[in-house]
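Colleague: Chains as they are written, first to last, in my numbering: chain A, 133 to 440; chain B, 22 to 425; chain C, 1375 to 1610.
This is the structure we're talking about:
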């Protein structure tokens, strides 16, 4: 029984990372109707930056907002220079541009920081392992009712819930959030209401990238290192989460991420002989397929999938 | 529009041009195995493999408008089929090609079924997931009796070098070189160190086959259905095109064709594993896409040019990061990078192309070559009459649809 | 000086020019109607004035040139549009739709008072204030679109075929509201319709639009007196 809760909590923590990526995807999709293929790589770049800040002696809780700021600027820049000029061409062109951005960012990470896991004493890293936001030493856990809850898992889950709550406030209680929702709902009418839609789009991308940055840092922390391939599978999981929850529902994205995290962990834990570590990704694949076949708009999304 | 030259379709000039081009291609194809070293030949083989894969992807993406970032899985199907059949069951390698095609075809058809209900980018996600799952599946412990697990096929074989190519620890399924008859200009295929030339010819044949199949398909009625689906699915359905069947068919053919270069890669590498053959991982799938887009989506020979360029650039820049081979003038741009700049170059190129030349190099050619040469179509039924200068859109190539 | 002056307006979509030199003006407090058949260019004119599409020519509002201005700044200047097909925000609640309409106003004061005022004018909206706008009936959505446009306290209201798809009774109600606003609050209105039988009674002046050009203009009586025009556009 303890093992069950163990796996549940681990799954929730893992899933929160997927939720963060999914949130970024959903914010962009709602605002622009595009899928940002580069979401994972933007997050990765920020994760690398946070590593670098750590190398310069900056504490991770300061480095994190700095990384988020880098992410925000990266996302905003991408929207203004790359996506917006292309978006009146075909959706194929936008897709290729985000794919190109995906490739470019991954290359850039390698070009700046090299091909190996970081930190790495071989290349002179000062840090022993990737900075974790929450205490994660061997004995940093808490054991209510015999269930082991590690501080870092709990911390991550809490962080994601806080971010989700803040986003909820932003969307529903602020004027700018109303503008974002309006643009997502009907961009032309938003213009007629005097909303600066270009600014809203730019900020949407920036926000999505900043949230993704948190995801990148968290997962690098869980992984104890950052490397070039870190976000490939996380991106797929995040997309699966967004698909499950509904690509235009932020709440759905969070829930979807948590569900997938739990399912992934449970299935690889309980069906170890069959799935184990090797086939975890197949779980995400099956989820995406199943959702798209049964209810393409996801659990909470609205049926309007095609944007005109 | 003024053009420098005007030629008549079917006239002397047009035939001369065709012959000259064919001869040039023929000479290049001959020159590689006979006048260059094994290293170059192997690089060219990589290019040929990429060309075939990109052409197969083009059928699906360029002509039918279905996005796939998963073709590495089909290539992997081909590679593993050949690997398994040859090393575990002692098949002759030649027979594995058609089998790989069929198996991959089936997989493609299966993957196509969800695509009927999934729009654009979702299909991209599904295929991306497929590309990521495939290597995991191949290294799955449960399947290692078939696929060799993480180590791949084969384990080790010290006898490979002597006996020509074989795949398999048991050295079954060998094909002795002296079964191939010796053609002087093609290089002496008998000697073991002309293995590279041998693989080269296999790769060339595959490219030709893939090209012919693509061409045949595109020019057929199915080809027009594909373009109709790409341009407007709803209209296509209204016109009576069976969407599900057409998509399934094209997906299958595309997948099947993509398996063939996989077989070639398996044969050439002598072993099959995700670490050994990068083309069967996601990176491969993305590379096929890059090659296709650069060469020209929706054009038959675009991917061929794209493949050549890709391998050329990758080869030339491959060691720039690790040694000092980078030319001085480029040092400020790339000298600081810890890894080879080719990925970065292509990523930027991809993005730029969407802005200036969305249909790739082939698109640029089609747009600008009419300024140099204009082909006058023979007016129907007026054979031998002086060509009335019909203001026909100068399409030297078959009228392929617009990639918007 | 006219409130709105349009001269030599050319606009279109891509290479196709739909408008071929439009001349029109709206004076302060006027109710102007533009008639035109399908495809004549009514919506294009509206979108051009509101800055949604590229346009060439002269568009002046309160003497200021707005033909290059951005859509949001045009709204801030005091021009609001009720677009064709309602243009509500379907996922947002009725109340949020109205608040979105007030986006250009600084400070929260007056916004809620205005909202209450419009809820009194359109009681059916008040009943549904927390409902998703997409679930409202056609007529209710049209009312919402008008209320939303009015929330920005515009000086000029552009209406693009408000009667489209609505039952005659509802249309009458809407026009009554518009007339009242024009008369009592000096709200200037430029309204386009295909068949403006009802609108003509309120109109001060009428323009006739045909394939991108204004072909006739005059008061409602003058145009009504012309048999050909009456038959073609007014249906009687």
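Backbone N, C-alpha and C define an ideal beta-carbon position, used for all residues, glycine too.
Just so it is clear, the structure is predicted and the values come from calculations on it, not from any experiment.
Below 8 Å between beta carbons: does that hold for residue 324(A) and residue 1455(C)?
Modeller: Your numbering for residue 324(A) matches position 192 in the first chain. Your numbering for residue 1455(C) matches position 81 in the third chain. Against a cut-off of 8 Å, the Cβ pair of residue 1455(C) and residue 324(A) comes out as a contact.
Colleague: Just the C-alpha distance for residue 123(B) and residue 148(B), rounded to the nearest angstrom, thanks.
Modeller: The sequence position of residue 123(B) within the second chain is 102, counting from 1. The sequence position of residue 148(B) within the second chain is 127, counting from 1. One C-alpha to the other measures close to 19 Å.
Colleague: Buried or exposed: which applies to residue 380(B), given that a residue is buried once 16 or more other Cβ atoms fall within 10 Å of its Cβ?
Modeller: Locating residue 380(B) in the second chain gives position 359, where the first residue counts as 1. The residue is buried, with at least 16 neighbouring Cβ atoms inside 10 Å.
Colleague: Does any C-beta atom of chain E lie closer than 8 Å to the C-beta of residue 247(A)?
Modeller: Among the protein chains in the structure shown, which are A, B and C, there is no chain E.
Colleague: List the residues of chain A that residue 336(B) touches, going by C-beta distances under 8 Å, in chain order.
Modeller: The count along the second chain starts at 1 and reaches residue 336(B) at position 315. Under the 8 Å cutoff, chain A gives no residues; its nearest Cβ is about 17 Å from residue 336(B).
Colleague: When Cβ atoms are compared, which residues of the region 1460-1472 of chain C fall closer than 8 Å to chain A?
Modeller: 1461, 1462, 1463, 1464, 1465, 1466, 1470
Colleague: Got a sec: is the Cβ-Cβ distance from residue 221(A) to anything in chain B below 8 Å?
Modeller: Mapped onto the first chain, residue 221(A) falls at position 89. Yes, contact with chain B.
Colleague: In whole angstroms, what is the alpha-carbon distance linking residue 152(A) and residue 333(B)?
Modeller: The residue given as residue 152(A) occupies position 20 in the first chain. The residue given as residue 333(B) occupies position 312 in the second chain. In a straight line, the C-alpha of residue 152(A) is about 40 Å away from that of residue 333(B).
Colleague: Taking the straight line between their C-alpha atoms, what separation do you get for residue 91(B) and residue 371(B)?
Modeller: As a first step, residue 91(B) must be located in the second chain, where it is residue number 70. As a first step, residue 371(B) must be located in the second chain, where it is residue number 350. Their backbone Cα atoms lie some 18 Å apart in a straight line.
Colleague: Going residue by residue through the region 202-277 of chain A, where are the continuous alpha helix (DSSP H) segments of at least 4 residues, counting only ones entirely within it?
Modeller: 223-245
Colleague: Residues of chain C with CB closer than 8 Å to the CB of residue 320(A), please, in chain order.
Modeller: Sequence index remark: in the first chain, residue 320(A) carries index 188 (1-based). Residues of chain C passing the Cβ test: 1426, 1457, 1461.
Colleague: Counting contacts by CB-CB distance shorter than 8 Å, is residue 364(A) in contact with chain B?
Modeller: Residue numbering aside, residue 364(A) sits at position 232 when the first chain is read from its first letter. Taking Cβ atoms only, chain B reaches closer than 8 Å to residue 364(A), which makes this a yes.
Colleague: Taking Cβ-Cβ distances below 7 Å as the criterion, which residues of the region 309-340 of chain A are in contact with chain C?
Modeller: 310, 311, 313, 314, 317, 318, 320, 321, 323, 324, 325, 326, 327, 328
Colleague: Determine, using beta carbons only, whether residue 1469(C) and residue 1379(C) come nearer to each other than 8 Å.
Modeller: As a first step, residue 1469(C) is located in the third chain; it is residue number 95 there, counting from the start. As a first step, residue 1379(C) is located in the third chain; it is residue number 5 there, counting from the start. No. Outside cutoff.
Colleague: Please work out which residues of its chain come closer than 7 Å, Cβ to Cβ, to residue 1540(C), disregarding the five sequence neighbours upstream and downstream, and give them in chain order.
Modeller: Here the question's residue 1540(C) lines up with position 166 in the third chain. For residue 1540(C), where only same-chain residues beyond five positions count, the Cβ hits under 7 Å are 1512, 1513, 1516.
Colleague: Taking the CB atoms as reference points, tell me whether residue 370(A) and residue 432(A) lie closer together than 8 Å.
Modeller: As a first step, residue 370(A) is located in the first chain; it is residue number 238 there, counting from the start. As a first step, residue 432(A) is located in the first chain; it is residue number 300 there, counting from the start. No, they are not a contact pair.
Colleague: Tell me which residues share the same chain as residue 263(A) and place their Cβ nearer than 6 Å to its Cβ, disregarding the 5 neighbours each side in the sequence.
Modeller: In the first chain, residue 263(A) corresponds to position 131, counting from 1. The residues are 186, 192.
Colleague: Between 140(B), 368(B), 303(B), 228(B), which has its C-alpha nearest residue 250(B)'s C-alpha?
Modeller: Walking along the second chain from the start, residue 250(B) turns up at place 229. The residue among 140(B), 368(B), 303(B), 228(B) with its C-alpha nearest the C-alpha of residue 250(B) is 140(B).
Colleague: What residues of chain A sit near residue 368(B), judged by a beta carbon separation below 7 Å?
Modeller: Looking up residue 368(B) in the second chain gives position 347. Neighbours of residue 368(B) on chain A, chain order: 232, 235, 236, 239.
Colleague: Count the CB pairs spanning the region 349-358 of chain A and the region 128-139 of chain B that are closer than 8 Å, and state whether there are at least three.
Modeller: no
Colleague: Rounded to a whole number of angstroms, what is the C-alpha to C-alpha distance between residue 1488(C) and residue 1583(C)?
Modeller: Within the third chain, numbered from 1, the residue matching residue 1488(C) stands at position 114. Within the third chain, numbered from 1, the residue matching residue 1583(C) stands at position 209. So the alpha carbons of these two residues sit roughly 35 Å apart.
Colleague: Any C-beta of chain A within less than 8 Å: which residues of the region 113-136 of chain B qualify?
Modeller: 135
Colleague: Taking only beta-carbon positions, decide if residue 1475(C) is within less than 8 Å of chain A.
Modeller: Position 101 of the third chain, counted from the first residue, corresponds to residue 1475(C). By this cut-off, residue 1475(C) is an interface position.
Colleague: In the DSSP output, which residue or residues are listed as bridge partners for residue 1533(C)?
Modeller: One-based indexing of the third chain puts residue 1533(C) at position 159. In DSSP, residue 1533(C) forms a bridge with 1456(C), 1565(C).
Colleague: Are the CB atoms of residue 72(B) and residue 324(B) within a distance shorter than 8 Å?
Modeller: Here residue 324(B) is taken as the residue at index 303 of the second chain, counted from 1. Here residue 72(B) is taken as the residue at index 51 of the second chain, counted from 1. Using a Cβ distance threshold of 8 Å, residue 324(B) and residue 72(B) count as a contacting pair.
Colleague: Please report how far the alpha carbon of residue 1564(C) lies from the alpha carbon of residue 252(B), in whole angstroms.
Modeller: Numbered from its first residue, the third chain carries residue 1564(C) at position 190. Numbered from its first residue, the second chain carries residue 252(B) at position 231. Answer to the nearest angstrom: the Cα atoms are 39 Å apart.
Colleague: In the DSSP assignment, the beta strand (DSSP E) including residue 1411(C) goes from what residue to what residue?
Modeller: To locate residue 1411(C), count along the third chain from 1; it is residue 37. Counting along the chain, no beta strand (DSSP E) covers residue 1411(C), and no H or E run does either.
Colleague: For residue 217(A), go through chain B and note every residue whose CB falls closer than 9 Å to its CB, in chain order.
Modeller: Taking the first chain and counting its residues from 1, one reaches residue 217(A) at position 85. The contacting residues are 376.
Colleague: What does DSSP give as the partner residues of residue 296(B) in its beta bridges?
Modeller: Taking the first residue of the second chain as position 1, residue 296(B) is located at position 275. Bridge partners of residue 296(B): none, in fact.
Colleague: With H, G and I counted as helix, E and B as strand and the rest as coil, what does DSSP make of residue 242(B)?
Modeller: Numbered from 1 along the second chain, position 221 holds the residue referred to as residue 242(B). Three-state DSSP puts residue 242(B) in a helix.
Colleague: When the Cα of residue 1498(C) is compared with those of 1542(C), 1547(C), 1526(C), 1483(C), which residue comes out closest?
Modeller: As a working note, residue 1498(C) is residue 124 in the third chain. Checked all of 1542(C), 1547(C), 1526(C), 1483(C); the closest Cα to residue 1498(C) is 1547(C).
Colleague: Check whether chain A comes within 8 Å of residue 1390(C), counting only Cβ atoms and requiring the distance to be less than that.
Modeller: For this step, residue 1390(C) is matched to residue 16 along the third chain. Closer than 8 Å: no.
Colleague: Pick from 118(B), 63(B), 109(B): whose alpha carbon is nearest that of residue 230(B)?
Modeller: Residue 230(B) sits at position 209 when you count from the first residue of the second chain. From the listed residues 118(B), 63(B), 109(B), the smallest Cα separation to residue 230(B) is found for 118(B).
Colleague: Counting only C-beta atoms, is residue 253(A) closer than 8 Å to chain B at any point?
Modeller: As a position in the first chain, residue 253(A) is number 121, starting the count at 1. Not an interface residue.
Colleague: Do you know how far the Cα of residue 114(B) is from the Cα of residue 103(B)?
Modeller: In the second chain, counting from the first residue as 1, residue 103(B) sits at position 82. In the second chain, counting from the first residue as 1, residue 114(B) sits at position 93. About 7 Å.
Colleague: With a threshold of 7 Å, establish whether the CB of residue 1534(C) neighbours any heavy atom of the ligand FMN.
Modeller: Absence of the ligand FMN is noted for the structure shown, with no ligands found whatsoever.
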